[in-house]
Amino acid sequence: MNASFQAGIKACLPTVLGYLGIGFSAGIVGRAAGLSPLEIGLMSLLIYAGAAQFIITSLLLLNSPFSAIILTTFIVNSRHLLMSMTLAPRVESRHQLDRFGIGALLTDESFAVAMNTSLKQRIDANFMHGLNLTAYLSWIGSTVLGALVGSWFPDPERFGLDFALTAMFIGLLYLQFESERSRIALNGLLLVFVFLLLYISMRYLSPELAVLFATMIAASIGVVISRWKSV
Amino acid sequence: MEIRLELFVLFAACGLVTLIPRILPFLLMHGLTLPRLLTDWLSFIPICLLSALFFQNLLIARSGEFPTLSLLHLAAAIPTVLVAVSSKSLSYTVITGVLSMALLRLFL
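If you want it as structure tokens, here you go:
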């Protein structure tokens, strides 16, 4: 096995626990909404996006029209455009098919792990494939497992599994802070801006659009402040 | 066990609208030299996006009103942040988060 591919698998391992926790809950919730384990596996295989799958499941339960479900999925997952734009220039890849594969399996978590690694070393297509495939298989496996044994755990929230996602964001955010020590004060300030922007925009926008809005405006503020400081 | 055809179609459509924003930059931005302003802006995306996703998890949306802070989630986040900072380990952070939330739900 290619060394870089192995390094990708290794880089993914710390996040696997998070995928297992969230995927397991997603499987349980899907089962409770009347989806079969095969359908839940198919959803993970074709969509592969944690937050979106929870939302799709709840919309199915509400008998929402398919057009509304598809539109919501698009909005929830449009943040991947920002992540792909940020990561794409940092990955060395020669083949179009490699780039397709890397983009197709990008998640919040694999994005954060890849960005973190790219600040320390160069990353190539094989690294990304190792990272992404490990995450993809963990996700599909854990959602199907949750669906199969879900009836034994009628209430996954009681076990705190729903918080696995939040905890993972905390860990990934902290690691990103660590790897950008040179501008730690500015990043801290941006954190405050993100919170305020998110708080205000959640009054007017859906939570998913508010996340996009707060991210884009806060990143712009970051650019302005960093330019102004360096003048 | 079966797969309903209409769900297959729905999931495929949802998969497609998820795939497009994921792959477009990888297919289109390859080999381009991006303007400095854009690369600067993109360098702030990880911190801003991850913090926005974290904060969104702490806030409870209410339509037409400002969101409220979930004290339960905030309480579970505190030990989780402490373990993230002291251990620098994602696994320990996730375990702490899940255990904290489970304990809070047990006692509250």
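Residue numbers (the working numbering), protein chains in the order written: chain A, 1 to 231; chain B, 1001 to 1108. All C-beta atoms, glycine included, are put in the ideal place defined by N, C-alpha and C. All of these numbers come straight from a predicted model, not from anything done at the bench.
Rounded to whole angstroms, what's the CA-CA distance from residue i to residue j? Just pull it up for me.
{"i": "Ser1091 of chain B", "j": "Cys12 of chain A", "result": "11 Å"}
{"i": "Thr1080 of chain B", "j": "Ser1100 of chain B", "result": "8 Å"}
{"i": "Thr166 of chain A", "j": "Pro1067 of chain B", "result": "17 Å"}
{"i": "Ile1095 of chain B", "j": "Pro156 of chain A", "result": "15 Å"}
{"i": "Ala1012 of chain B", "j": "Phe1026 of chain B", "result": "21 Å"}
{"i": "Leu186 of chain A", "j": "Ile170 of chain A", "result": "18 Å"}
{"i": "Phe195 of chain A", "j": "Ile1003 of chain B", "result": "42 Å"}
{"i": "Ala68 of chain A", "j": "Cys1014 of chain B", "result": "11 Å"}
{"i": "Tyr174 of chain A", "j": "Ala1084 of chain B", "result": "7 Å"}
{"i": "Leu42 of chain A", "j": "Leu145 of chain A", "result": "13 Å"}
{"i": "Ala1075 of chain B", "j": "Thr57 of chain A", "result": "28 Å"}
{"i": "His80 of chain A", "j": "Phe74 of chain A", "result": "10 Å"}
{"i": "Leu1038 of chain B", "j": "Phe24 of chain A", "result": "38 Å"}
{"i": "Gly50 of chain A", "j": "Ala26 of chain A", "result": "8 Å"}
{"i": "Leu1028 of chain B", "j": "Phe100 of chain A", "result": "10 Å"}
{"i": "Arg122 of chain A", "j": "His1073 of chain B", "result": "37 Å"}
{"i": "Met202 of chain A", "j": "Gly1064 of chain B", "result": "9 Å"}
{"i": "Leu1071 of chain B", "j": "Gly8 of chain A", "result": "37 Å"}
{"i": "Leu35 of chain A", "j": "Asn63 of chain A", "result": "13 Å"}
{"i": "Asp162 of chain A", "j": "Ser230 of chain A", "result": "43 Å"}
{"i": "Pro65 of chain A", "j": "Leu1019 of chain B", "result": "21 Å"}
{"i": "Ser1087 of chain B", "j": "Thr1093 of chain B", "result": "8 Å"}
{"i": "Ala1052 of chain B", "j": "Arg181 of chain A", "result": "20 Å"}
{"i": "Ser138 of chain A", "j": "Tyr19 of chain A", "result": "6 Å"}
{"i": "Ala1061 of chain B", "j": "Leu61 of chain A", "result": "20 Å"}
{"i": "Val1098 of chain B", "j": "Ser179 of chain A", "result": "25 Å"}
{"i": "Arg1036 of chain B", "j": "Asn2 of chain A", "result": "34 Å"}
{"i": "Leu209 of chain A", "j": "Leu82 of chain A", "result": "13 Å"}
{"i": "Ser206 of chain A", "j": "Gln1056 of chain B", "result": "11 Å"}
{"i": "Val91 of chain A", "j": "Val149 of chain A", "result": "39 Å"}
Once DSSP output is grouped into helix, strand and coil, what is the label at residue i?
{"i": "Arg203 of chain A", "result": "coil"}
{"i": "Pro1067 of chain B", "result": "strand"}
{"i": "Ile47 of chain A", "result": "coil"}
{"i": "Leu1003 of chain B", "result": "Sequence check: residue 1003 of chain B is Ile here, not Leu. Coil, per DSSP."}
{"i": "His1073 of chain B", "result": "helix"}
{"i": "Ser36 of chain A", "result": "coil"}
{"i": "Phe1044 of chain B", "result": "coil"}
{"i": "Leu87 of chain A", "result": "helix"}
{"i": "His80 of chain A", "result": "helix"}
{"i": "Met247 of chain A", "result": "Chain A is shown only over 1 to 231; residue 247 of chain A falls outside these bounds and no answer can be derived."}
{"i": "Leu60 of chain A", "result": "helix"}
{"i": "Met1 of chain A", "result": "coil"}
{"i": "Pro1021 of chain B", "result": "helix"}
{"i": "Thr1033 of chain B", "result": "coil"}
{"i": "Leu1108 of chain B", "result": "coil"}
{"i": "Gly160 of chain A", "result": "coil"}
{"i": "Pro65 of chain A", "result": "coil"}
Starting from residue i, trace the alpha helix (DSSP H) in both directions and tell me its first and last residue.
{"i": "Glu178 of chain A", "result": "Phe163 to Ser179"}
{"i": "Gln96 of chain A", "result": "Gln96 to Ala104"}
{"i": "Met128 of chain A", "result": "Ala125 to Val149"}
{"i": "Ser1089 of chain B", "result": "Ser1089 of chain B -> no alpha helix (DSSP H), and no H or E assigned at all."}
{"i": "Ser110 of chain A", "result": "Asp108 to Ser118"}
Considering only the beta carbon of each residue, do residue i and residue j sit closer than 8 Å?
{"i": "Val76 of chain A", "j": "Ala52 of chain A", "result": "yes"}
{"i": "Thr72 of chain A", "j": "Ile47 of chain A", "result": "no"}
{"i": "Phe5 of chain A", "j": "Gly130 of chain A", "result": "yes"}
{"i": "Asn197 of chain A", "j": "Ala214 of chain A", "result": "Sequence check: residue 197 of chain A is Leu here, not Asn. Yes, these two residues count as a Cβ contact at 8 Å."}
{"i": "Tyr234 of chain A", "j": "Leu105 of chain A", "result": "Residue numbering for chain A in the displayed model covers 1 to 231; residue 234 of chain A lies beyond these limits and cannot be assessed."}
{"i": "Ala249 of chain A", "j": "Phe177 of chain A", "result": "Shown here, chain A extends from 1 to 231; a query on residue 249 of chain A therefore has no answer."}
{"i": "Ala164 of chain A", "j": "Arg31 of chain A", "result": "no"}
{"i": "Pro1021 of chain B", "j": "Ser78 of chain A", "result": "yes"}
{"i": "Arg1105 of chain B", "j": "Arg158 of chain A", "result": "yes"}
{"i": "Leu1082 of chain B", "j": "Leu1069 of chain B", "result": "no"}
{"i": "Ser93 of chain A", "j": "Ala125 of chain A", "result": "yes"}
{"i": "Met168 of chain A", "j": "Thr15 of chain A", "result": "yes"}
{"i": "Leu1042 of chain B", "j": "Ala112 of chain A", "result": "no"}
{"i": "Ile1017 of chain B", "j": "Ile221 of chain A", "result": "The sequence given here places Val at residue 1017 of chain B; Ile does not occur at that position. No, the Cβ-Cβ distance between Val1017 of chain B and Ile221 of chain A is not below 8 Å."}
{"i": "Leu17 of chain A", "j": "Glu109 of chain A", "result": "no"}
{"i": "Val223 of chain A", "j": "Phe1107 of chain B", "result": "no"}
{"i": "Leu1007 of chain B", "j": "Glu39 of chain A", "result": "yes"}
{"i": "Leu45 of chain A", "j": "Ile140 of chain A", "result": "yes"}
{"i": "Val88 of chain A", "j": "His1030 of chain B", "result": "In the sequence under discussion, the amino acid at residue 88 of chain A is Ala, which differs from the Val named in the question. Against a cut-off of 8 Å, the Cβ pair of His1030 of chain B and Ala88 of chain A comes out as a contact."}
Tell me residue i's beta-bridge partners as DSSP assigns them.
{"i": "Ile1060 of chain B", "result": "B:Thr1068"}
{"i": "Asp155 of chain A", "result": "Asp155 of chain A pairs with nothing; no bridge assigned."}
{"i": "Glu92 of chain A", "result": "A:Asp124"}
Closer than 8 Å, CB to CB, is residue i near chain C or not?
{"i": "Thr73 of chain A", "result": "You won't find chain C in this structure, because its protein chains are A and B."}
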